[in-house]
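Asker: Below: one structure in structure tokens.
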Amino acid sequence: MTDVITATGLSRAYGRGPRAVDGLDFSIRRGEIFALLGPNGAGKTTTIRLIAGLIDPTAGQVLVNGIPTTDRSHLQEIHDAVGVLPEVPGHYESLSAYRNLRFHGRLHGLSDGQIHDRARQLLGSFDLWERRDERIATFSKGMKQKVALVRAMLHAPSCLVLDEPISGLDPQAAKTVRDFLIEQRRGGTTIVLSTHNLDDADRLSDRVAVIQTRLLAVDTPSALKGRLFQRSVAVRLQNGNPTALEVARQLPFVLHATWEEPRLQVRLDHPDEDMPTLVEALVHAGYRIQYVEPVSHSLEDAYLRLIQERGAPAPNGGP
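So for the sequence shown, the working numbering puts the first residue at 456; every next one is plus one.
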């Protein structure tokens with residue numbers, strides 16, 4: 456699969472302060488949704504701006520379709536390839552939705568006919584075409600966000616770079632935006648997004664990058680969870696008590712065990728092979744087992760563990 460975006464040693468400092476991002480190395484493949492995760496101040500917005508070519512790196516580089524974002528001679532090619540949704544949409548509130556889109560379409564060199572056709576298609580996907588002549592100031596936050604997404608897509612970019620696209624939306628609007636992003640990916644659009652919503656990242660993303668100034672991990676959500684949490688099982692005991700913990704801990708293949716009334720939670724080397732021996736040991740010790748089930752972990756669990764184990768306090772050098 457072709458890489459659309461490649462970051463190498465990507466760093467950015469603001470003034471004389473510490474680096475907001477430092478030495479990021481990652482690539483983003485064509486047609487995937489790639490999520491940037493991290494706490495406030497970790498450098499997500501800075502990374503978004505660097506990818507979009509809105510700011511220049513202090514060190515390292517970003518390539519968009521093989522072109523450095525700092526190459527001024529090919530700046531138009533980068534702008535044509537990338538559609539940007541900033542954290543604050545920045546609409547002209549006194550203008551209608553359509554006039555906002557026409558203004559930005561002309562900046563991209565689109566004809567009025569092209570703008571009309573694209574706006575009709577994209578606004579229609581959000582049920583906003585009939586409201587195109589209403590002032591943006593009268594729109595709800597969700598409607599403004601949808602218009603901003605349409606604006607980012609208006610010139611048919613191959614890559615969308617979105618800063619918190621679902622933040623603050625009500626459940627219905629959030630679902631509409633998620634469905635829209637999935638549909639764009641199916642059409643081959645590459646999507647880079649930053650988000651604090653780990654459930655959205657888990658559901659939407661092909662891969663995630665966890666950053667805290669530096670890059671902590673890049674992987675698929677499922678692989679990241681698998682790496683950070685060896686397979687665990689929960690054993691519910693009918694007559695359980697914390698002494699069952701000692702039985703489990705005496706077994707050599709048990710990596711970790713905790714007691715969460717009325718369940719014994721155990722992390723094993725090889726669950727399929729080790730589980731029968733664990734059950735046998737508990738039964739031999741006099742415990743009656745009601746059921747055994749695998750323990751699932753969320754992306755939030757993996758994220759929090761990664762930040763706790765590998766992260767460091769984020770600098771105040773930038774967003």
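By construction, the Cβ of each residue, glycine as well, lies at the ideal position given by its N, Cα and C atoms.
Quick one: complete alpha helix (DSSP H) runs, 4+ long, within the stretch 637–714?
Answerer: DSSP runs (the alpha helix (DSSP H)) wholly in the stretch 637–714: 653–659, 676–683, 698–704.
Asker: Figure out for me which residue from K596, S549, V602 has the closest Cα to the Cα of E585.
Answerer: It is V602 whose Cα lies nearest to the Cα of E585.
Asker: For my contact list, G508 and V537 are in at a C-beta cut-off of 8 Å; report their separation, rounded to the angstrom.
Answerer: 7 Å between Cβ atoms; contact.
Asker: With distances taken from CA atoms, which of T457, P626, T645 is nearest G521?
Answerer: Closest option to G521, Cα to Cα, is T457.
Asker: For Q705, is the classification buried or exposed, using 16 other Cβ atoms within 10 angstroms of its Cβ as the cut-off for buried?
Answerer: Exposed, since its Cβ has fewer than 16 Cβ neighbours within 10 Å.
Asker: With L540 and L636 assumed to form a contact (beta carbons below 8 Å), what rounded beta-carbon distance in angstroms separates them?
Answerer: Incorrect: roughly 11 Å between the Cβ atoms, too far for contact.
Asker: What residue does the beta strand (DSSP E) around V459 start on, and which one ends it?
Answerer: 458–468 is the extent of the beta strand (DSSP E) around V459.
Asker: How many whole angstroms separate the CB atoms of R722 and S687, which I take to be in contact at a CB cut-off of 8 Å?
Answerer: With 8 Å as the limit, R722 and S687 qualify as a contact, their Cβ atoms being about 4 Å apart.
Asker: Cβ atoms of L648 and P626: under 8 Å apart, would you say?
Answerer: No.
Asker: Rounded to a whole number of angstroms, what is the C-alpha to C-alpha distance between V757 and Y469?
Answerer: The sequence shown places Ala at residue 757, rather than the Val named in the question. Whole-angstrom Cα-Cα distance: 30 Å.
Asker: Taking all protein chains shown into account, do 16 or more other C-beta atoms lie within 10 angstroms of the C-beta of G623, making it buried, or fewer, making it exposed?
Answerer: Answer is exposed; the Cβ neighbour count stays below 16.
Asker: Assuming I510 and L491 make a contact with CB atoms under 8 Å, what is their CB distance in whole Å?
Answerer: Actually they do not touch by this definition, with Cβ atoms about 15 Å apart.
Asker: Please name the residue, chosen from V750, T525, R573, V734, that lies closest to R743 on a Cα-to-Cα basis.
Answerer: Out of V750, T525, R573, V734, V734 has the C-alpha closest to the C-alpha of R743.
Asker: Determine the DSSP secondary structure at R743, reduced to helix, strand or coil.
Answerer: In the structure shown, R743 sits in coil (DSSP, three-state: anything other than H, G, I, E or B).
Asker: Identify whether A611 lies in helix, strand or coil by the three-state DSSP scheme.
Answerer: The answer is coil: DSSP assigns A611 none of H, G, I, E or B.
Asker: Taking only three categories from DSSP, how would you classify P726?
Answerer: In this structure, P726 counts as helix in the three-state DSSP scheme.
Asker: Based on Cα-Cα distance, which residue from M608, H529, G741 lies nearest to N694?
Answerer: Ranking the options by Cα distance to N694, first place goes to G741.
Asker: Rounded to the nearest angstrom, how far is the Cβ of S551 from that of E589, given a contact under 8 Å?
Answerer: At roughly 6 Å, the Cβ-Cβ gap stays under 8 Å, so S551 and E589 are in contact.
Asker: From what residue to what residue does the beta strand (DSSP E) around L505 run?
Answerer: Segment 499–507 is the alpha helix (DSSP H) holding L505; no beta strand (DSSP E) there.
Asker: Candidates H711, V709, Q720, V459: which alpha carbon is nearest N696's?
Answerer: Per the Cα distances, Q720.
Asker: Considering only DSSP beta bridges, list what A490 is partnered with.
Answerer: Bridge partners of A490: L648, V663.
Asker: Would you report the Cα separation of V605 and L577, rounded to the nearest angstrom?
Answerer: Answer to the nearest angstrom: the Cα atoms are 6 Å apart.
Asker: Bridge partners of S551, per DSSP?
Answerer: Partner(s): R590.
Asker: In the DSSP output, what is Q516 paired with across the bridge?
Answerer: According to DSSP, Q516 bridges with T463.
Asker: Does DSSP classify P717 as helix, strand or coil?
Answerer: If DSSP states are grouped into helix, strand and coil, P717 belongs with coil.
Asker: Assign L530 to buried or exposed, taking buried as 16 or more other Cβ atoms, counted over all protein chains shown, within 10 Å of its Cβ.
Answerer: Answer is exposed; the Cβ neighbour count stays below 16.
Asker: Could you round the C-beta distance between L505 and R474 to whole angstroms and report it? I think they count as a contact, below 8 Å.
Answerer: Between R474 and L505 the Cβ distance is about 12 Å, and since that is not below 8 Å, they are no contact.
Asker: Mind checking N555: buried by the 16 CB within 10 Å criterion, or exposed?
Answerer: Buried, since its Cβ has 16 or more Cβ neighbours within 10 Å.
Asker: Measuring CA to CA, which of E487, F481, T463, P494 is closest to Q763?
Answerer: The option with the nearest alpha carbon to Q763 is P494.
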